[in-house]
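Contents: one structure, followed by commentary.
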Amino acid sequence: MPVIRSDRVVFFDVDDTLIFWSDPLMDLPTISINGRTFWVHKKHVQKIRDYHLMNFKIFVWSNSGYEWAHLVCICLGVEDMVTAMCKPHRVFDDAKTLGDTIGHGWMKPV
619 MPVIRSDRVV FFDVDDTLIF WSDPLMDLPT ISINGRTFWV HKKHVQKIRD
669 YHLMNFKIFV WSNSGYEWAH LVCICLGVED MVTAMCKPHR VFDDAKTLGD
719 TIGHGWMKPV
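For what it's worth, this note's numbering labels the leading residue of the sequence shown as 619, then goes sequentially.
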């Protein structure tokens with residue numbers, strides 16, 4: 619059975635967390651993926667780089683599936699730092715809120 623032998627684990631969503639589908643009116647750089655323009659949330663992409671330097675296991679997920687998450691990571695240049703996956707459909711935990719589940723690391727995307 620695969621085991622992650624560290625508590626240094628972080629998860630990032632793709633859509634409206636790493637990239638925006640519409641202009642968020644925040645002076646962000648753009649990127650083209652499959653001929654469409656997206657806005658890059660550079661602070662969150664930098665967080666991936668920072669966590670990578672701190673030896674975190676980084677997962678990037680998308681409700682659109684692992685292939686989309688993987689493609690976005692390639693276009694952002696972080697594919698060697700992360701594991702792409704589908705967004706979980708369900709999470710079971712005894713915590714009452716997501717913030718309780720993942721503790722102080724919970725960040726609202728914008």
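Where a beta carbon is used, it is the ideal one built from N, C-alpha and C, also for glycine.
Handout entry: Opening and closing residue of the alpha helix (DSSP H) in which V627 lies
Key = Careful: V627 lies outside any alpha helix (DSSP H), inside the beta strand (DSSP E) at 627 to 631.
Problem - As assigned by DSSP and simplified to three states, the class of W639 - result: Assignment of W639 by DSSP, reduced to helix, strand and coil, places it in the coil class.
Practice task
Give the single residue among H707, I692, H662, M672 whose Cα lies nearest to the Cα of F638.
Solution key: F638 has its Cα closest to that of H662, out of H707, I692, H662, M672.
Practice task
Measure the beta-carbon distance from L689 to I651 and round it to whole angstroms, keeping in mind my assumption that it falls under 8 Å.
Solution key: The Cβ separation is near 7 Å, so the contact holds.
Problem - C-beta contact flag for C691 and E697 at 8 Å - result: A contact, by the Cβ cut-off of 8 Å.
Practice task
Might you give, ordered along the chain, the residues of its own chain that have their beta carbon closer than 8 Å to the beta carbon of L646, omitting 5 neighbours on each side?
Solution key: Closer than 8 Å at the Cβ level, and outside the excluded window around L646, lie F638, W657, V658, H659, K660.
Handout entry: A713 classed as buried or exposed, judged by whether at least 16 other C-beta atoms fall within 10 angstroms
Key = It counts as exposed.
Practice task
Can you grab the Cα-Cα spacing for the pair D633 / G695, in whole Å?
Solution key: G695 has its alpha-carbon roughly 16 Å from the corresponding atom of D633.
Problem - As assigned by DSSP and simplified to three states, the class of A713 - result: A713: coil per DSSP, three-state reduction.
Handout entry: Selection from T635, K675, F677, N681 that minimises the alpha carbon distance to R708
Key = Measuring from the Cα of R708, the nearest candidate turns out to be N681.
Handout entry: Beta-carbon gap between I676 and M699 smaller than 8 Å
Key = I676 places its beta carbon less than 8 Å from that of M699.
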